[in-house]
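Trainee: Residues 42 to 189, numbered by our numbering, are exactly what the sequence shown covers, in order. Heads up, the beta-carbon is just placed ideally off N, CA and C, and yes, glycines get one too.
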Amino acid sequence: MSGYDQSQSPTPAADLQALGERLLGTWRHQGGVEGTVRFEWLEGGFFLVQHVDLEQFGQRIKGFEVIGHLRPFGEPPDEAIRSRFYDNTGNTLDYVYELDGDELTIWGGEKGSPAFFKGTLSADGTELSGAWTYPGGGGYEVSSVRER
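1) Let me check one thing: in DSSP terms, what residues is D135 bridge-paired to?
2) Quick one: is G44 buried, meaning 16 or more other Cβ sit within 10 Å of its Cβ, or exposed?
3) Per the DSSP calculation, K159 is bridged to which residue(s)?
4) Helix, strand or coil: how does DSSP classify L65 here?
5) Using 10 angstroms around the beta-carbon of G104, count the other beta-carbons present and answer buried if the total reaches 16, otherwise exposed.
6) Using 8 Å for Cβ pairs, my map puts I108 next to Q91. What's the rounded Cβ distance?
7) Please report the distance separating the alpha-carbon of P113 from that of F87.
8) Can you tell me the Cβ-Cβ gap for E168 and T67, rounded? I've got them flagged as a contact below 8 Å.
9) Could you give the distance in angstroms between the alpha-carbon of H70 and the alpha-carbon of K159?
10) State whether the stretch 172 to 183 contacts the stretch 71 to 81, with contact taken as three or more CB pairs (one from each stretch) at a distance under 8 Å.
11) Nearest-angstrom Cα distance between G171 and A164?
12) Quick check on this structure: which residue in L65, G76, L83 and R63 has the alpha carbon closest to the alpha carbon of P53?
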């Protein structure tokens, strides 16, 4: 064990709370992917859960993603906001989330990966526009509107 003090009551991380406040709710996607995603807090505020119902490249994708800081047993929380996505085709995909002001980056796998999303959230929090970039020059643009 690393000496992490387990007697302290953990509190949700401020960076995850900020990300959650920007993403909570249902978003309708248009562009290279169509459909909806819904973000909600898992009780306690340590993890966001994303529910996915999308169509991409003619394939229906339904799944969920758990987003938060990894905290292995007896260790302090990891610095990065990480996630794992599970879908109806058997995929398990890992991501790293970064929010800097209104700029959202989602790295496929690890930070610095050649697969990533870069987008901008509107100041009022109702729109997100950006693009996924894949290795070899592929990818797609997407715009999202938060449903009220």
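Mentor: In short:
1) R125
2) Note on G44: pLDDT 47, under 50, position unreliable in the model; the coordinate value appears next. Exposed.
3) According to DSSP, which records beta bridges pairwise, K159 is partnered with T146 and A172.
4) L65 falls in the coil class under three-state DSSP.
5) buried
6) 7 Å
7) One C-alpha to the other measures close to 14 Å.
8) With a Cβ gap of about 14 Å, E168 and T67 do not count as contacting.
9) Approximately 15 Å, taken between the alpha carbons.
10) Contact between the stretch 172 to 183 and the stretch 71 to 81 is established, with three or more Cβ pairs separated by less than 8 Å.
11) 15 Å
12) Of the candidates L65, G76, L83 and R63, L83 places its Cα closest to the Cα of P53.
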